[in-house]
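Have a look at the structure below, then the notes.
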Amino acid sequence: MIRAVVDPGVLVAALLAPDGTPARLVRSWLQGAFELVACARLLAELEEVLLRPEFRRYATADEVRDYVDVFRRLATAVPDPTDIPRATPDPGDDYLVALARASGATALVSGDRHLLGLRGARPPVMTPRHFLDLLHGA
29 MIRAVVDPGV
39 LVAALLAPDG
49 TPARLVRSWL
59 QGAFELVACA
69 RLLAELEEVL
79 LRPEFRRYAT
89 ADEVRDYVDV
99 FRRLATAVPD
109 PTDIPRATPD
119 PGDDYLVALA
129 RASGATALVS
139 GDRHLLGLRG
149 ARPPVMTPRH
159 FLDLLHGA
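Numbering of the sequence shown is given in our numbering, commencing with residue 29 and proceeding in unit increments.
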């Protein structure tokens with residue numbers, strides 16, 4: 029089975045735009061199309077971002093907690109990476125690359141230009157659309 033780390037930004041976008049590509053990616057995961065890998069740090073970042081006041085028009089705090097809980101319960105939980113080498117122009121993204129490598133992920137799914145701009149990244153960094161195309165053989 030394909031195993032992926034999904035950037036919290038993609039998971040935020042999935043909640044904000046239920047008809048968008050990130051939301052389709054989450055639905056594909058919930059239908060068993062791939063294994064989503066997450067660690068405590070990724071889930072904490074997701075929750076922290078979605079609990080910001082600017083997101084209240086999209087979801088209440090309780091809805092955010094319920095949304096994040098779906099990932100806590102159903103994603104494949106792995107430990108936070110401890111060996112985090114500098115790999116990206118944004119040091120805040122380095123843990124995602126380390127997580128993808130340490131978990132044996134097939135892909136790191138992100139819309140972040142810093143991550144998408146990595147040359148020769150292992151595992152490869154893909155946009156949500158590219159990852160969905162890979163999943164569905166397009």
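C-beta atoms are modelled at their ideal positions from N, C-alpha and C, and glycine is treated no differently.
From a predicted model like this one, the values you see are computed outputs, not experimental measurements.
Could you give the first and the last residue of the continuous alpha helix (DSSP H) run that contains residue i?
{"i": "residue 141", "result": "141–144"}
{"i": "residue 130", "result": "122–130"}
{"i": "residue 157", "result": "156–163"}
Return the CA-CA distance between residue i and residue j, expressed in angstroms with no decimal places.
{"i": "residue 50", "j": "residue 164", "result": "15 Å"}
{"i": "residue 143", "j": "residue 132", "result": "18 Å"}
{"i": "residue 69", "j": "residue 108", "result": "6 Å"}
{"i": "residue 48", "j": "residue 137", "result": "15 Å"}
{"i": "residue 43", "j": "residue 106", "result": "23 Å"}
{"i": "residue 87", "j": "residue 149", "result": "34 Å"}
{"i": "residue 39", "j": "residue 92", "result": "11 Å"}
{"i": "residue 151", "j": "residue 100", "result": "23 Å"}
{"i": "residue 96", "j": "residue 60", "result": "18 Å"}
{"i": "residue 125", "j": "residue 66", "result": "12 Å"}
Between which two residues does the beta strand (DSSP E) harbouring residue i extend?
{"i": "residue 106", "result": "Run containing residue 106: none; DSSP gives neither H nor E here."}
{"i": "residue 135", "result": "135–137"}
Taking only three categories from DSSP, how would you classify residue i?
{"i": "residue 32", "result": "strand"}
Tell me, to the nearest whole angstrom, how far the beta carbon of residue i is from that of residue j; I am working on the premise that it is less than 8 Å.
{"i": "residue 121", "j": "residue 113", "result": "Their Cβ separation, rounded to whole angstroms, is 12 Å, which puts residue 121 and residue 113 out of contact at 8 Å."}
{"i": "residue 98", "j": "residue 64", "result": "10 Å between Cβ atoms; not a contact."}
{"i": "residue 30", "j": "residue 104", "result": "At roughly 12 Å, the Cβ-Cβ gap does not stay under 8 Å, so residue 30 and residue 104 are not in contact."}
3-residue-minimum beta strand (DSSP E) runs that sit fully inside the segment 43–102, ordered along the chain: Scanning the segment 43–102 for uninterrupted beta strand (DSSP E) segments of 3 residues or longer gives 63–66, listed from N- to C-terminal end.
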